[in-house]
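Trainee:
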Amino acid sequence: MIFIGALRGRISNLSEKIKDKANKIARDAMVILKNCLSSHSEKDLVVLDDMFPHPLSAFRIAEYNCYLKHFGNVDVHSTAATFTLIGEARGFSEICSRYEREFPQFAGHVIRFNRRRVLRAKLVYTMFLNNAFFFIDYIEKENIPFVFTLYPGGGFQLNQEDSDRKLRRVLSSPLLRKVIVTQTISYRYLVDNQFCLSDKVEHIYGVVLPTDRLTMHRFPKSYYKKHKDTFDLCFVAHKYTRDGADKGYDVFLDVASLLSKIYPDIVFHVVGPFDASVLDVSELQGRIRFYGSLETGFFPEFYAGMDMILSPNIPFVLAPGAFDGFPTGCCVEAGLCGVAVMCTDPLGQNSKFKDREEILLVPHDSIEIFKVIDNYYNRYEDLCCLAERGREAFTRVFDMDAQMDPRRRVLTECMNTGALNR
58 MIFIGALRGR ISNLSEKIKD KANKIARDAM VILKNCLSSH SEKDLVVLDD MFPHPLSAFR
118 IAEYNCYLKH FGNVDVHSTA ATFTLIGEAR GFSEICSRYE REFPQFAGHV IRFNRRRVLR
178 AKLVYTMFLN NAFFFIDYIE KENIPFVFTL YPGGGFQLNQ EDSDRKLRRV LSSPLLRKVI
238 VTQTISYRYL VDNQFCLSDK VEHIYGVVLP TDRLTMHRFP KSYYKKHKDT FDLCFVAHKY
298 TRDGADKGYD VFLDVASLLS KIYPDIVFHV VGPFDASVLD VSELQGRIRF YGSLETGFFP
358 EFYAGMDMIL SPNIPFVLAP GAFDGFPTGC CVEAGLCGVA VMCTDPLGQN SKFKDREEIL
418 LVPHDSIEIF KVIDNYYNRY EDLCCLAERG REAFTRVFDM DAQMDPRRRV LTECMNTGAL
478 NR
């Protein structure tokens, strides 16, 4: 009898597992069915991308989620082609499932891209030159008007034949409604080189970042000699080259070496795919901490303990003509959290921040950077005032509505005119 009772219990447990499995299959089938049907009902907007919904691309999550929320009738189709470039071994399905658990209101709206899928939409949107070039034949085959954002990076290189070829192919399409540029240098490059008429170019400075997630729960700031015994300097970046030279990681370590010889209470922090094997850090042993690549939720508490961020990035190192936007997304996130931002601006892209009042602009030179940090280390109250003014400036410029309102306006206008002209 005991055996039979135990057997019945195991059968009951097995039955529950089968039910759970069946329910999961049913849910997955509903999502698949919805994805299939979405091809037959016209969307207001379809976003085409190569990395969404990976959580390490915080600016994509922020921008695309805004479109999903604002327009509602939106799908995002992703190739997931760049997962491997950030060292991601998981596939699209696993990443997408995680995204849908975090944002269940958008479940079923993120789809694996399939070139054979018939697309019906008022407008297509994508970002980065490589994406626009990859998708342009598909967009034209489906005969759908499109808008794309020409961010720095992603195949956009100044005065390079291959990049120019891609630009001319995309910007000459009769289906192009607008190209959004985020830097003055990008606007001038397109207009001065006659890639397209100026009325096709919309200049919206900046980048969309999850400012709400960074500032919603502000951690108490830890101040040197008041709440902690260390002065904390950080470097935050992704590594696209072997040694991170394009992001200035080598310069950061040179500066750290100079500072460590004079100030025993300065600690150095590195966030991103860097470790002690990338470049020699033996003389900083016990003074440098590596965190790896981390998602948005990590940073508010982390930055609450940081005094400065150093971003000595330099153009044309990753590839000829390649450059970063100003400031980098990592600097923006740090600035929003009240960290003093110190960065290079070799292309003169700064137009929003007052040097030495809201931000610290420095050359790509370890000695000169050391001098600036040395100065503010000994004038800590001035550094704190600069960091607070910087936080206010970064909040003003990169507030979600400040960044998204003009983007939503452009897409809405193009949806309406696109529908009329088709």
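Sequential numbering of the sequence shown, starting at 58, is according to the working numbering.
Even glycine gets a Cβ: it sits at the ideal position worked out from N, Cα and C.
1. On the DSSP letters alone, give me the boundaries of the alpha helix (DSSP H) that Y195 sits inside.
2. Check whether the Cβ atoms of D402 and F383 sit closer than 8 Å, and answer yes or no.
3. Rounded to whole angstroms, what is the Cα-Cα separation between F356 and E120?
4. In the structure shown, what three-state DSSP assignment does D221 receive?
5. Count the other CB atoms within 10 Å of the CB of P110; is the residue buried (16 or more) or exposed (fewer)?
6. Ordered along the chain, which non-local residues of its own chain (more than five positions away) have a Cβ less than 6 Å from that of S96?
7. Could you give the first and the last residue of the continuous beta strand (DSSP E) run that contains K282?
8. How far does the beta strand (DSSP E) with C400 in it extend, from its first residue to its last?
9. Per the DSSP calculation, K100 is bridged to which residue(s)?
10. Run the CB neighbour count on S339, radius 10 Å, all protein chains shown included, and call it buried at 16 or more, exposed below.
11. Give me the Cα-Cα distance between Q342 and L316, rounded to the nearest whole angstrom.
12. Going by beta carbon distance, what residues of the same chain come within less than 6 Å of V308, once the five residues before and after it are set aside?
13. What alpha helix (DSSP H) runs, 4 residues minimum, are completely inside the region 421-474?
14. Count the other CB atoms, across all protein chains shown, that sit within 10 Å of the CB of D106; report buried if there are 16 or more and exposed otherwise.
15. On the criterion of 16 or more Cβ atoms from any shown chain inside 10 Å, does G349 qualify as buried, or is it exposed?
16. What's the call for P267, buried or exposed, on a 16-neighbour Cβ count within 10 Å?
17. Need the endpoints of the beta strand (DSSP E) that F203 sits in, please.
Mentor: According to the structure shown:
1. Walking along the sequence shown from the start, residue 195 turns up at place 138. Its alpha helix (DSSP H) spans residues 186-199.
2. The residue given as residue 402 occupies position 345 in the sequence shown. The residue given as residue 383 occupies position 326 in the sequence shown. Cβ distance < 8 Å, so D402 and F383 count as in contact.
3. For this step, residue 356 is matched to residue 299 along the sequence shown. For this step, residue 120 is matched to residue 63 along the sequence shown. Looking at the two C-alpha atoms, the distance is approximately 19 Å.
4. On the sequence shown, residue 221 is found 164 positions in, with the first residue counted as 1. In the structure shown, D221 sits in a helix (DSSP, three-state: H, G or I).
5. In the sequence shown, the residue the question calls residue 110 occupies position 53. Flag for P110 reads buried.
6. Residue mapping note: residue 96 aligns to position 39 of the sequence shown, counting from 1. With a pLDDT of only 49 at S96, under 50, the local geometry of the prediction cannot be trusted, and the value read off the model is given with reservation. R174, V175, listed in sequence order.
7. Here residue 282 refers to the residue found at position 225 of the sequence shown. First-last for K282: undefined, no H or E at that position.
8. Taking the first residue of the sequence shown as position 1, residue 400 is located at position 343. Element bounds for C400: 397-400.
9. Sequence index remark: in the sequence shown, residue 100 carries index 43 (1-based). In DSSP, K100 forms a bridge with A178.
10. Along the sequence shown, read from residue 1 onward, the residue named residue 339 stands at position 282. Its Cβ having fewer than 16 others within 10 Å, S339 is exposed.
11. Position 285 of the sequence shown, counting from 1, holds the residue named residue 342. Position 259 of the sequence shown, counting from 1, holds the residue named residue 316. Whole-angstrom Cα-Cα distance: 14 Å.
12. As a first step, residue 308 is located in the sequence shown; it is residue number 251 there, counting from the start. Once the five neighbours on either side are set aside, the close Cβ partners of V308 are P369, S423.
13. 423-434, 437-455
14. Counted from its first residue, the sequence shown places residue 106 at position 49. Buried, because 16 or more other Cβ atoms sit within 10 Å of the Cβ of D106.
15. Taking the first residue of the sequence shown as position 1, residue 349 is located at position 292. Counting Cβ neighbours within 10 Å, G349 comes out exposed, since fewer than 16 surround it.
16. Numbered from its first residue, the sequence shown carries residue 267 at position 210. So P267 ends up on the buried side.
17. One-based indexing of the sequence shown puts residue 203 at position 146. It spans 203-207 - the beta strand (DSSP E) in which F203 sits, taken as one unbroken run.
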